[in-house]
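S.K.:
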Amino acid sequence: MGHQAPCRKCGSARLRVVGQSSTPPGVIVKCDACGHWSLVVGGAPAAPDVDTRRVERLVHLVVSDKGLACQVQGVARVREGWQVTVLAGPERGLVRFDVKADSLGTMRASIERGLAHIAP
Ligand SMILES: [Zn+2]
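Note that the sequence shown covers residues 173 to 292 in our numbering.
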């Protein structure tokens, strides 16, 4: 990934990601030339924000209310809302659908629509 900043100590571009940090979110990079290591904040995906966690809870709620045999894999922010990924068993595999940012009731309705293809 050629756009990493060079080593702050010796200026070498030979940097390797050696670990991840969750607080603050970032990656730990080590310089192959001088051994200096540093934290690059923002190099790793940030923790989900409050709204994303709320949507995720809503998806879990719909799944358990309807008794669907699927596993929620993740909820990711997209431009107009969220993309929900669920694992709907060995035959259907991964199912993805988008939920637009709206009131909780409307978002719940679109989650129900998205999950409607998965028969219980
Ligand atoms: Zn260095």
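All C-beta atoms, glycine included, are put in the ideal place defined by N, C-alpha and C. Because the structure is a prediction, the values reported are computed rather than measured.
Tell me the rounded alpha-carbon separation between D237 and R280.
M.R.: By one-based count along the sequence shown, residue 237 stands at place 65. By one-based count along the sequence shown, residue 280 stands at place 108. In a straight line, the C-alpha of D237 is about 12 angstroms away from that of R280.
S.K.: Report the option in E252, H232 and D221 whose CA atom is closest to the CA atom of P197.
M.R.: In the sequence shown, the residue the question calls residue 197 occupies position 25. Checking every option, the nearest Cα to that of P197 belongs to D221.
S.K.: Rounded to whole angstroms, what is the Cα-Cα separation between Q192 and V212?
M.R.: Counting from 1 along the sequence shown, the entry for residue 192 is found at position 20. Counting from 1 along the sequence shown, the entry for residue 212 is found at position 40. If I take the Cα positions, the gap works out to 9 angstroms.
S.K.: From A216 to G277, what distance separates their C-alpha atoms?
M.R.: Residue numbering aside, residue 216 sits at position 44 when the sequence shown is read from its first letter. Residue numbering aside, residue 277 sits at position 105 when the sequence shown is read from its first letter. Residue placement at A216 is flagged as unreliable, the pLDDT there being 45, under the threshold of 50; the coordinate-derived value follows with that caveat. Spanning the two alpha carbons is a distance of roughly 32 angstroms.
S.K.: For I200, name the three-state secondary structure that DSSP assigns.
M.R.: Here the question's residue 200 lines up with position 28 in the sequence shown. Note: I200 maps to strand in three-state DSSP.
S.K.: Please determine whether the Cβ atom of H232 lies at a distance below 7 angstroms from any heavy atom of ligand 1.
M.R.: One-based indexing of the sequence shown puts residue 232 at position 60. It does not: the Cβ of H232 is nowhere closer than 7 angstroms to a heavy atom of ligand 1.
S.K.: Going by DSSP, name the residue or residues bridged to G239.
M.R.: Here residue 239 refers to the residue found at position 67 when the sequence shown is read from its first residue. None; G239 has no bridge partner.
S.K.: Tell me whether K272, by its Cβ, gets closer than 7 angstroms to a heavy atom of ligand 1.
M.R.: As a working note, residue 272 is residue 100 in the sequence shown. Answer for K272: no, Cβ out of range of ligand 1.
S.K.: Secondary structure at C179, three-state DSSP: helix, strand or coil?
M.R.: Reading the sequence shown from its first residue, position 7 is the one you call residue 179. Coil at C179, not helix or strand.
S.K.: Do V244 and E228 have their C-beta atoms within less than 8 angstroms of each other?
M.R.: The residue labelled residue 244 in the question sits at position 72 within the sequence shown. The residue labelled residue 228 in the question sits at position 56 within the sequence shown. Yes, the pair counts as a contact, with Cβ atoms nearer than the cut-off.
S.K.: Can you list, in chain order, the residues of its chain whose CB lies under 7 angstroms from that of C179, leaving out five sequence neighbours each side?
M.R.: On the sequence shown, position 7 is the one that residue 179 refers to. Here the set comprises L187, C203, A205, C206 and H208.
S.K.: Less than 6 angstroms between C-beta atoms, sequence neighbours within five positions excluded: which residues of the same chain meet that for G246?
M.R.: The residue you call residue 246 lines up with position 74 of the sequence shown. Same-chain partners within the cutoff: T257.
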